[in-house]
Every structure is written in structure tokens, then in C-alpha cells.
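Worksheet for the structure shown next.
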Amino acid sequence: PFGINFHMFQPGAEQIVEAVISKNIKAVSYSRSPTADFISKFKKNGVICIPTVGALKHALKAVDLGADALVIQGSEGGGHTGSTPTTLLLSSVLQQVEVPVIAAGGFRDGAGLAAALAWGAAGIAMGTRFMMTQESPVPQVTKDAYLSANIEEIKITKKFDGLPHRLIFNKYIQKIDRSNPLSLLLISLSSAWRYKQLTESSFKDLLKAFFAMLRGDDLTISQSIMSANSPAIIQKAMVEGFPNEGAMPSGQV
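To convert, take the position in the sequence shown, counting from 1, and add 4; that gives this note's numbering.
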């Protein structure tokens with residue numbers, strides 16, 4: 005592959021870093037909890053580092069750690085997202101950094117690209133739009149569920165995994181959004197167990213990732229516990245093909 009995306013706090017991150025270098029992969033994308041040691045290894049081996057950020061302070065930190073370019077995602081973007089609209093975030097970041105800046109969040113066509121270039125971006129990144137292509141491995145039943153959703157159903161909730169997350173509010177996410185704290189804890193513990201099985205991680209690996217998020221993301225304990233929901237529940241819709249039983253991150257496109 006040309007490049008990969010991963011979390012530097014996830015179980016097995018060290019092996020991923022070594023694989024990137026040994027396989028001569030050209031670029032890496034990452035976001036939360038960037039690790040200075042990993043980035044240093046990438047830089048020494050000529051790997052281009054392109055993190056995704058959702059706030060100016062994170063952009064500045066990413067550049068300070070050695071980012072070669074930035075993807076800045078505004079609040080219109082799918083998945084984990086910030087509170088600042090793409091246009092405002094792009095403007096503030098461009099004034100503070102000298103690396104190329106790629107705009108993301110709410111883009112779907114050439115008109116959006118032309119607008120982003122006019123604002124000063126080096127280009128745009130699109131997630132939801134490319135996920136819907138024929139080449140995408142996402143199950144067709146899930147793609148059909150995306151096509152049937154309207155823009156009013158694409159909302160942000162913090163109850164899914166403790167952080168602002170833009171998703172299609174299907175019946176499953178509506179249920180989570182109405183859940184009380186005890187129910188959310190039980191869902192999160194179930195997700196953590198499923199994530200352990202999916203990744204073949206040990207409990208030690210999970211605890212290591214848990215504490216890495218506490219340190220690197222300034223998350224609360226409850227937010228770190230809930231973070232297991234993302235990979236486990238998203239997998240249900242995006243890989244296994246059960247859109248009504250999982251989560252479908254989506255930008256406002």
C-alpha cells in the first residue's frame with residue numbers, strides 16, 4: 005500500500021510502525037495521541053507523516069512533533085470531529101503553520117475542491133464520498149443505508165464513545181443516545197471484550213492503550229472506557245454488513 009492510517013495508542017502499534025518501515029510504505033496518517041518516538045522513527049526512514057487534527061492547538065502540536073502536512077477536519081466531517089466549521093478552522097491553521105494543509109469535512113465534489121483551493125488549502129480529503137464508491141469494500145447493504153439517510157439524520161453525539169462523533173442516527177445510535185450512564189458502561193465493557201477478540205489483544209495491551217489515551221488525549225476515565233465502542237460497533241456496520249446494529253460515521257455530505 006501507498007499509506008496506512010492507525011492510532012499510535014492502539015494495541016500492536018509498535019509492530020505496525022516496524023511493518024511500515026520494513027515494507028517501505030511511503031506515508032502514514034494518524035490522529036489522537038501522537039507518539040514522538042514513533043514519529044521520529046518515521047522521519048528517519050523517510051515516511052511522510054500526515055496527521056488529522058480538529059483544532060488549532062492540535063495542529064500546532066502535530067507540526068512541532070514533525071508533521072510533513074496536515075489534514076484539518078472541521079465539524080462537518082464524519083467520525084470524531086471538533087466544534088469549529090471547516091472554513092474557520094482552515095483559515096486559523098493556515099495563518100499559523102507553514103506545512104501544506106489539506107481541508108476535510110463537508111466536501112463531496114469539484115466545487116468543494118475549488119473553494120478549498122481558493123481559501124488556501126493544498127487540497128481536500130473526502131471520507132464518506134470515497135467510501136461510497138464501487139471500489140470501496142464496505143458491504144452494499146451498508147452503502148444502501150447511507151444512501152437512504154438524509155442530512156438531518158447526520159448528527160453529533162458524545163454518548164457513542166465519549167467524544168464528539170458525527171454519525172447517522174440509525175435506531176442503534178438513537179438507543180445509545182437515550183441510554184443512562186450504567187447502560188453506557190455495560191455497552192462499553194461489552195465493546196471492549198469484542199475489541200479484544202477482534203485484535204487478539206491481551207488485557208495488558210488494552211490497559212496500555214487505556215492509559216495512553218488518558219495521558220495523550222486528556223480524556224476522563226469514562227471517556228477512555230467508552231472509546232472501545234468505536235472499533236467494535238463500527239465494525240458491525242462497515243465490515244460485517246449490519247447497518248442497523250452498528251455505527252455509521254458520516255460527514256455532512
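Don't be surprised by glycine CBs; every beta carbon is placed ideally from N, CA and C.
Tell me the DSSP bridge mates of residue i?
i: residue 161; result: 169
i: residue 75; result: 56 and 106
i: residue 233; result: DSSP lists no partner for residue 233.
i: residue 251; result: None, per the DSSP bridge assignment.
i: residue 128; result: 107
i: residue 9; result: 33
When burial is assigned at 16 or more other CB atoms within 10 Å of the CB, is residue i buried or exposed?
i: residue 35; result: buried
i: residue 213; result: buried
i: residue 170; result: buried
i: residue 37; result: buried
i: residue 88; result: buried
i: residue 155; result: exposed
i: residue 14; result: buried
i: residue 111; result: buried
i: residue 188; result: buried
i: residue 231; result: buried
i: residue 185; result: exposed
From the DSSP output, in three-state form, read off residue i for me.
i: residue 194; result: helix
i: residue 84; result: strand
i: residue 185; result: helix
i: residue 241; result: helix
i: residue 153; result: coil
i: residue 135; result: helix
i: residue 140; result: coil
i: residue 201; result: helix
i: residue 246; result: coil
i: residue 27; result: coil
i: residue 100; result: coil
i: residue 95; result: helix
i: residue 256; result: coil
i: residue 178; result: helix
i: residue 145; result: helix
i: residue 67; result: helix
i: residue 21; result: helix
For the alpha helix (DSSP H) that residue i lies in, which residues bound it at each end?
i: residue 114; result: 114-123
i: residue 42; result: 40-48
Write down the C-beta distance between residue i and residue j rounded to the nearest angstrom, noting that I regard them as a contact closer than 8 Å.
i: residue 53; j: residue 72; result: 5 Å
i: residue 106; j: residue 126; result: 6 Å
i: residue 31; j: residue 6; result: 6 Å
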